[in-house]
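Report on the following structure.
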Amino acid sequence: MELTHHSRVAVIGGGPAGSLTAYFMLDLANRLGIHLNVDIFDAAQFTVPGPKGCNHCGGIISETLVQMLSMEGINLPPEVVQRGIDSYALHTDQGSASIRTPLAEMRIAALYRGSGPLDRIKKGTDDSGDETVAYRSFDGFLQSLAVEKGARVINTKVTSVTRTGSLPVVAAKDMEDRSYDLVVGAVGVNGAGLKIFDPSAIAFKPPKTTKAVVTEIYLGRQELAKHFGNTMHVVLARIPRVSFAAIIPKGEYVTVVMLGKELDRDTITTFLSHPTVRARFPDWIDLGARSCYCRPDVSLGMASPVCADRVVLVGDAAVSRLYKDGNGAAYKTAKALATAAVIHGVSRDSFERYYVPTCRKLDVDNTIGKSVFLTVDLFKWLPMLSRGMLGMVRGEQTPQAGGRMAMSMVLWDTFTGSNSYRSILRRCLNPMFLARLTMESLRSLRARPAAGEGEAR
Ligand SMILES: Cc1cc2nc3c(=O)[nH]c(=O)nc-3n(C[C@H](O)[C@H](O)[C@H](O)COP(=O)(O)OP(=O)(O)OC[C@H]3O[C@@H](n4cnc5c(N)ncnc54)[C@H](O)[C@@H]3O)c2cc1C
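Under my numbering, the final residue of the sequence shown carries the number 443; numbering is consecutive throughout.
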């Protein structure tokens, strides 16, 4: 069961996982002299602002992914990158601390998955009087790369995938049913998702999910630069229903992403009114006036199974990374899948052998990630530990620290997705690390911080 000259591949979903799978498959097949016909199905309109062209996300691209893409010859254009983030501020009930990018060359990219927030055309030229910021979609950019390699985009929604004989058959609106040699499910976890697959094509359990909330707030370019600069803010305070939240500056807006339980519009109001959060924004701003709002699903696990003969899942639909770097997982699974399909064939056995291990590795790391986030939660409820953590970070961020960055690196990697949870846990269990945390925590008992100490802007 192999892909040969003129084999037909359907990629359902043109988000990062779908477009990168098409891109890598075509790239590899072209180099081997195999001509593949690859169709990408997606109804999203990535040039339209707001939900129609957006795959609902914080839009943080970890430096690891920026580097991996660059090694593939994929450099994110300036109109896609809305801001290069070089530091983040951690806010807890016990105070705040700033963490600069731990290694000088590390920079994360903040971008929009679609073409910017819903009201961005209405806002027009921003308060700086300069030209409006360009908002080019990350997903649209990746899709254009796949098209350059030879993929064809079919701008419609797939309604079902069934099987006739051994071949999967794709049905979509306004199109005759088509059979394919391989169908790739890159449908993510939002919308109808995996329900389009008839059990005759693939019978599976989708990944578990939870709800998140994303909203955009308009500041204008100058005010954004003044109040946020290139700093992302992570809030680990005791706010009802919010586990943690991030505020990410981009173009003329900040994106607010919240994770927690039973989140809704009221939770955003509670969050934005919290004194620590309110202090980040200019006084004049009406935090009730939001430019975009969504409540998407976040993947928490792995589909089971991930593959059948000639049908396979990729990206969020298969497995993601817990609470971070989902685009990195989309890249990793897309690359592994493309290599497995083009080199080793499209049978279930072949996928199990050459593709599924990549998914399992991410899934195992997510299990470790759950314990990392449980610990992070514990810090919120134990003020002594929280102050110890802040004390360590503040010490590390001084010139006298001599490059000692253990806690800064752990926190940076936890919230930016630059490293595996396994690596984070290993570093946290280092006896020296634990000894320093204990010392700092005990010291904080004796010396309570003065009001305003460690305030990070
Ligand atoms: C609130 C939130 C914040 C996040 N923040 C970040 C972050 O800051 N950084 C990061 O790296 N990751 C983040 N993620 C995760 C990231 O968004 C996902 O991991 C990533 O989008 C997965 O890409 P994908 O291509 O697998 O799926 P998606 O991006 O969901 O793309 C799926 C595509 O399939 C299409 N589709 C679905 N069904 C059909 C159908 N029947 N027919 C045709 N097309 C279909 C959809 O239109 C969509 O374009 C976040 C996720 C959430 C929910």
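Think of the CB as a built atom: it goes at the ideal place given N, C-alpha and C, for glycine as much as any other residue.
What you are looking at is a predicted structure, and each value in this text was computed from that prediction instead of being measured.
Comparing alpha-carbon positions, which option in the options lies nearest residue i?
i     : options                     : result
M244  : K347, H42 and A421          : H42
T50   : R422, A315 and I188         : A315
S123  : F419, I60, W398 and P35     : P35
K247  : L415, R164, L14 and V199    : V199
C278  : S5, F10 and G44             : G44
S(-7) : G(-1), S5, Y9 and I20       : I20
Q68   : T400, L210, R412 and R346   : L210
S152  : L168, K143 and V358         : L168
A223  : V(-5), S357, E58 and V362   : V362
S394  : Y166, D311 and A83          : A83
D349  : L423, F337 and T319         : T319
Y239  : Q53, I271 and P63           : I271
W367  : R432, F230, N313 and M(-13) : F230
So with Cβ pairs under 9 Å, would you call residue i a contact of chain C?
i    : result
M391 : This model lacks chain C altogether, as it is built from one protein chain only.
What residue does the beta strand (DSSP E) around residue i start on, and which one ends it?
i    : result
V242 : Y239 to G246
A231 : V228 to K236
L153 : L153 to A158
T446 : This structure does not reach residue 446, given that the chain is present from -13 up to 443, and the question cannot be answered.
L431 : Per DSSP, L431 belongs to no beta strand (DSSP E); it is in the alpha helix (DSSP H), P417 to R432.
L168 : L168 to G171
Answer yes or no: do residue i and residue j have a C-beta to C-beta separation smaller than 9 Å?
i     : j    : result
S101  : G126 : yes
V242  : I254 : yes
S285  : V147 : no
V170  : T7   : yes
V(-3) : A172 : yes
S193  : A303 : Looking at the sequence shown, residue 193 is not Ser but Pro. For P193 and A303, yes; Cβs fall inside 9 Å.
C71   : I46  : Residue 71 is actually Ile in this sequence, not Cys. Yes.
S430  : G381 : no
W398  : S404 : yes
I60   : L128 : yes
L55   : Y317 : yes
V139  : D13  : no
A137  : T145 : no
A326  : R346 : no
P268  : D79  : no
M11   : V328 : yes
V52   : A95  : yes
D351  : L323 : no
F190  : P291 : yes
When we look at the beta-carbon of residue i and count the other beta-carbons within 10 Å, is it buried (16 or more) or exposed?
i     : result
Q383  : buried
T353  : exposed
A3    : buried
S427  : buried
H77   : buried
R296  : buried
Y274  : The identity of residue 274 in the sequence shown is Gly, whereas the question assumes Tyr. Result: exposed.
M288  : buried
T201  : buried
L415  : exposed
G0    : buried
E65   : exposed
M425  : exposed
M218  : buried
D335  : exposed
D311  : buried
V(-5) : buried
S357  : exposed
Quick check on the DSSP output: the alpha helix (DSSP H) that includes residue i runs from which residue to which?
i    : result
N313 : G312 to T325
R138 : Where R138 is concerned, there is no enclosing alpha helix (DSSP H), although the beta strand (DSSP E) it sits in stretches over R138 to I140.
R266 : No alpha helix (DSSP H) holds R266; DSSP gives it neither H nor E.
Y9   : P2 to R17
L51  : E49 to M57
K356 : V342 to W367
D399 : A392 to T402
S259 : R251 to S259
I410 : Y407 to C414
Per DSSP, residue i is paired with what?
i    : result
T201 : V242 and Y279
L222 : T78
N23  : R(-6)
R69  : A96
A294 : V297
M288 : V305
K191 : S290
R86  : S73
S165 : V155
I46  : A96
F124 : Bridge partners of F124: none, in fact.
T217 : S73
Within the present structure, is the beta-carbon of residue i separated from the nearest heavy atom of ligand 3 by less than 8 Å?
i    : result
D363 : For the structure depicted, ligand 3 is absent and the ligand set comprises only ligand 1.
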